[in-house]
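Peer 1: Here it is, the structure in full.
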Amino acid sequence: MADVTGNSDSSTVVPPVADRREELQTRLHGVRERISSAVTATGAREPTLIVVTKYFPVSDLRILADLGVTAVGENRDQEASSKAAELGDLLQWHFIGQLQTNKAKSVVRYAHSIHSVDRASLVTALGKAVTADQQARAASGDPERAQLECFVQFNLDGNAVAGDRGGALPADATALAETLAGTPGLRLAGVMAVAPLGASPAAVFEDLRLISETVRRVDPAATAISAGMSGDLEEAVGAGATHLRIGSDVLGPRPGVR
Ligand SMILES: *Cc1c(COP(=O)(O)O)cnc(C)c1O
83 MADVTGNSDS STVVPPVADR REELQTRLHG VRERISSAVT ATGAREPTLI VVTKYFPVSD
143 LRILADLGVT AVGENRDQEA SSKAAELGDL LQWHFIGQLQ TNKAKSVVRY AHSIHSVDRA
203 SLVTALGKAV TADQQARAAS GDPERAQLEC FVQFNLDGNA VAGDRGGALP ADATALAETL
263 AGTPGLRLAG VMAVAPLGAS PAAVFEDLRL ISETVRRVDP AATAISAGMS GDLEEAVGAG
323 ATHLRIGSDV LGPRPGVR
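Position 158 (the sequence shown) corresponds to 240 in our numbering; numbering is contiguous.
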């Protein structure tokens, strides 16, 4: 996966809101057209579009919500939690980045789903955090919270070994899916992967589709497949993706990222 870290300088000139709205509208329209064409070409079901807003300001998220975007993806808890604190229920929050267990408590407060669950220790931490959140809400008379939707992320780089960051090994699919499905507070939604740099996205997403079948043997309701970014959404739709995570083709190049 591309290096998406390193957001450092904030010297980017922020364009006037009206221009930005026009730009986002045009880009979003283009992405929606690409998705429609891919759906028509393959006879696939229309996937859910998650616009990946990492590094972009809250003002952009407001515009996106106004343009009909309902779900956004973020990959750092600090950034996501402050955006969610400001925008709350205006958008549905999908956490798509590597997650440390000590961030579980924070993430479950705002996240609708986590696309990057890749190890048993994280499953345990998320389960505990959701349960604690449920108890806190009950104690203060707040409305009940839904289960946290979790996708098991797989590392589909053929050279990956156990313990590599950013995804479980396909060989661990059944065990991890069973752990997740058996954890109170969590719902096993399905599978997720990022096509490794240099790999054929079509081949990678076909592998993911097969892993999805394995996971569905654990829970037939775990039908979600989170796959496809700006550069490979067509291949992902062709392989049955139910959730696309599109960043730069909607928002433009990420600030400070080269
Ligand atoms: C940043 C990111 C995306 C979006 O990538 P684009 O190429 O900008 O569309 C999708 N998924 C994950 C996990 C990401 O970190």
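Yeah, the Cβ is synthetic: ideal placement off N, Cα and C, and Gly gets one too.
Note that the coordinates shown come from a computational prediction; the quantities given were computed from them, not determined experimentally.
1. Roughly how far, in whole angstroms, is the beta-carbon of Gly310 from the beta-carbon of Val319, given that I think they are within contact range, below 8 Å?
2. Three or more C-beta pairs closer than 8 Å, one from the stretch 313-329 and one from the stretch 278-294: is that the case here?
3. Taking only the alpha-carbon atoms, compute the straight-line gap between Pro283 and Ser330 and give it to the nearest angstrom.
4. Below 9 Å between beta carbons: does that hold for Glu226 and Ala271?
5. What do you reckon, are the CB atoms on Phe177 and Asp159 nearer than 9 Å?
6. Examine the Cβ distances between the stretch 202-215 and the stretch 152-169 and report whether three or more of them are shorter than 8 Å.
7. CB of Lys210 to nearest heavy atom of ligand 1: below 8 Å?
8. When the Cα of Arg201 is compared with those of Ser195, Ala211 and Phe236, which residue comes out closest?
9. Starting from Thr213, trace the alpha helix (DSSP H) both ways and give me its first and last residue.
10. Is DSSP giving Phe287 helix, strand or coil here?
11. What does the alpha-carbon distance come out to for the pair Asn241 and Ala147?
12. Alpha carbon to alpha carbon, how far is Thr135 from Pro335?
Peer 2: This is what the structure holds:
1. Within the sequence shown, numbered from 1, the residue matching residue 310 stands at position 228. Within the sequence shown, numbered from 1, the residue matching residue 319 stands at position 237. 7 Å between Cβ atoms; contact.
2. yes
3. By one-based count along the sequence shown, residue 283 stands at place 201. By one-based count along the sequence shown, residue 330 stands at place 248. Distance between the alpha carbons of Pro283 and Ser330 is about 18 Å.
4. Within the sequence shown, numbered from 1, the residue matching residue 226 stands at position 144. Within the sequence shown, numbered from 1, the residue matching residue 271 stands at position 189. For Glu226 and Ala271, no; Cβs fall outside 9 Å.
5. Numbered from 1 along the sequence shown, position 95 holds the residue referred to as residue 177. Numbered from 1 along the sequence shown, position 77 holds the residue referred to as residue 159. Yes, the Cβ-Cβ distance between Phe177 and Asp159 is below 9 Å.
6. no
7. Sequence index remark: in the sequence shown, residue 210 carries index 128 (1-based). Checking the Cβ of Lys210 against ligand 1 gives no.
8. As a first step, residue 201 is located in the sequence shown; it is residue number 119 there, counting from the start. Measuring from the Cα of Arg201, the nearest candidate turns out to be Phe236.
9. Translated into the one-based positions of the sequence shown, residue 213 becomes position 131. Counting along the chain, the alpha helix (DSSP H) containing Thr213 begins and ends at Ala202 to Ala221.
10. For the purposes of this step, residue 287 is taken as residue 205 along the sequence shown, with counting starting at 1. Note: Phe287 maps to helix in three-state DSSP.
11. One-based indexing of the sequence shown puts residue 241 at position 159. One-based indexing of the sequence shown puts residue 147 at position 65. C-alpha separation (whole angstroms): 40 Å.
12. One-based indexing of the sequence shown puts residue 135 at position 53. One-based indexing of the sequence shown puts residue 335 at position 253. Going by the C-alpha atoms only, they are around 11 Å apart.
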